[in-house]
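Notes for the one structure printed next.
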Amino acid sequence: SECVFWNNRLIIPEVLRKQILKDLHQSHLGIIKMKSLARSYLWWPGLNKNIEDICRTCENCLINKPNPSKAVLNQWPFPDEVWYRLHLDFMGPIWNKQFLIIIDAHSKWLEVFMMNSINSQATIAVLRSVFARFGLPRQIVTDNATTFCSNEFQTFLNLNNIIHITAPPFHPSSNGAAENVVKTVKTALKNAVGTNKTVDEINKALHNFLFDYRNVAHSTTDLSPSDIMFKRKLRTRFDNILPPNVPFKKCVQQVNKNRVLEKQAKQKMYHGGRRSLVFTVGDKVTVKDYREVKKPKWIK
């Protein structure tokens with residue numbers, strides 16, 4: 001008779017809330033299930049926040065989580081010019097072959113090279129060839145592979161005054177431009193190459209893919225890489241079916257940066273509903289240590 005209810009839920013006085021939270025959390029059900037359980041019986045102001053706080057500070061819950069929460073999507077700034085920032089990554093092995101992927105962040109121009117070796121010397125040789133055609137970029141983004149972090153590779157970039165940006169270890173998605181195109185190229189090659197997986201067949205499929213990829217509008221820019229890179233369409237096999245008096249299409253459009261930023265904003269909005277985490281000096285945190293690949297563990 002001395003209890004107070006709110007919509008059939010018992011209102012818990014402040015002096016008892018700590019013990020009630022402890023009882024709710026004794027099975028370590030997680031935030032969502034704890035809230036559901038509490039809503040069936042209890043209420044007090046700030047109940048949801050108290051449940052979130054106890055779950056996020058429970059040492060056992062933190063240490064036994066399979067993986068850290070995904071961070072909010074932080075997108076690369078869209079460059080104002082072509083060939084300003086290049087994203088590099090290796091793809092493979094596919095059919096015992098490795099490939100070097102290079103994509104320009106502004107135009108989405110794509111280069112793919114089959115590699116006999118993925119050491120620094122071989123990679124630098126390919127970059128020299130690419131730079132001879134298109135010039136030196138201002139920035140290069142890679143992961144922390146040994147090839148990209150070697151003294152030889154760093155010296156090559158320094159001599160050419162190219163800023164090297166590396167993605168955080170064990171987070172390849174930070175180099176998203178390269179990671180996404182790796183999936184695209186890999187799928188296209190596997191679909192195009194038949195049972196006769198010779199070097200010639202793989203190269204033929206690769207070159208056909210690049211030819212079409214460079215001449216098709218990209219979803220981010222709404223223009224093809226060739227439109228942006230060279231201000232013209234590449235002449236393709238499909239132009240041969242047009243009458244001879246049809247003028248060849250020339251591209252005079254520029255990339256609409258506002259449209260690109262709008263699409264990036266939508267991508268961020270649909271990125272799994274992840275929220276930014278805010279830390280202050282002195283906060284106690286747990287971090288997952290991936291240095292032991294087979295047995296990653298949480299450390300304080």
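Residue numbers for the sequence shown, in full-length UniProt numbering: 1 to 300. We put the beta carbon where it would ideally sit given N, CA and C, even for glycine. Small disclaimer: the values here were computed from a predicted structure and weren't measured.
Separation of residue j from residue i, as counted between CA atoms
{"i": "residue 203", "j": "residue 131", "result": "21 Å"}
{"i": "residue 129", "j": "residue 98", "result": "18 Å"}
{"i": "residue 33", "j": "residue 15", "result": "24 Å"}
{"i": "residue 11", "j": "residue 31", "result": "20 Å"}
{"i": "residue 153", "j": "residue 103", "result": "18 Å"}
{"i": "residue 146", "j": "residue 108", "result": "26 Å"}
{"i": "residue 221", "j": "residue 227", "result": "10 Å"}
{"i": "residue 215", "j": "residue 240", "result": "15 Å"}
{"i": "residue 149", "j": "residue 156", "result": "11 Å"}
{"i": "residue 57", "j": "residue 164", "result": "37 Å"}
{"i": "residue 94", "j": "residue 212", "result": "21 Å"}
{"i": "residue 217", "j": "residue 60", "result": "50 Å"}
{"i": "residue 180", "j": "residue 75", "result": "13 Å"}
{"i": "residue 20", "j": "residue 281", "result": "31 Å"}
{"i": "residue 229", "j": "residue 35", "result": "54 Å"}
{"i": "residue 40", "j": "residue 6", "result": "11 Å"}
{"i": "residue 52", "j": "residue 46", "result": "10 Å"}
{"i": "residue 126", "j": "residue 87", "result": "14 Å"}
{"i": "residue 96", "j": "residue 123", "result": "18 Å"}
{"i": "residue 279", "j": "residue 81", "result": "35 Å"}
{"i": "residue 3", "j": "residue 286", "result": "40 Å"}
{"i": "residue 22", "j": "residue 117", "result": "57 Å"}
{"i": "residue 175", "j": "residue 223", "result": "22 Å"}
{"i": "residue 199", "j": "residue 182", "result": "19 Å"}
{"i": "residue 27", "j": "residue 55", "result": "11 Å"}
{"i": "residue 238", "j": "residue 299", "result": "58 Å"}
{"i": "residue 83", "j": "residue 44", "result": "58 Å"}
{"i": "residue 219", "j": "residue 121", "result": "35 Å"}
{"i": "residue 195", "j": "residue 119", "result": "29 Å"}
Integer Cβ distance of residue i from residue j, believed to fall under 8 Å
{"i": "residue 38", "j": "residue 24", "result": "6 Å"}
{"i": "residue 85", "j": "residue 141", "result": "6 Å"}
{"i": "residue 106", "j": "residue 79", "result": "4 Å"}
{"i": "residue 48", "j": "residue 17", "result": "Between residue 17 and residue 48 the Cβ distance is about 13 Å, and since that is not below 8 Å, they are no contact."}
{"i": "residue 42", "j": "residue 9", "result": "6 Å"}
Residues bridged to residue i (per DSSP)
{"i": "residue 98", "result": "115"}
{"i": "residue 87", "result": "103 and 141"}
{"i": "residue 166", "result": "142"}
{"i": "residue 110", "result": "103"}
{"i": "residue 76", "result": "Answer by DSSP bridge pairing: none, since residue 76 is not bridged."}
{"i": "residue 9", "result": "6"}
{"i": "residue 287", "result": "299"}
{"i": "residue 43", "result": "11"}
Residue i and residue j closer than 8 Å at C-beta
{"i": "residue 162", "j": "residue 133", "result": "no"}
{"i": "residue 144", "j": "residue 166", "result": "yes"}
{"i": "residue 189", "j": "residue 206", "result": "yes"}
{"i": "residue 136", "j": "residue 158", "result": "no"}
{"i": "residue 101", "j": "residue 114", "result": "no"}
{"i": "residue 110", "j": "residue 244", "result": "no"}
{"i": "residue 283", "j": "residue 178", "result": "no"}
{"i": "residue 185", "j": "residue 112", "result": "yes"}
Restricting to runs no shorter than 4 residues, where is the alpha helix (DSSP H) found entirely within the stretch 214–244? 225–230
Note down, one range per segment and in chain order, each alpha helix (DSSP H) of at least 4 residues found wholly within the stretch 176–208. 176–192
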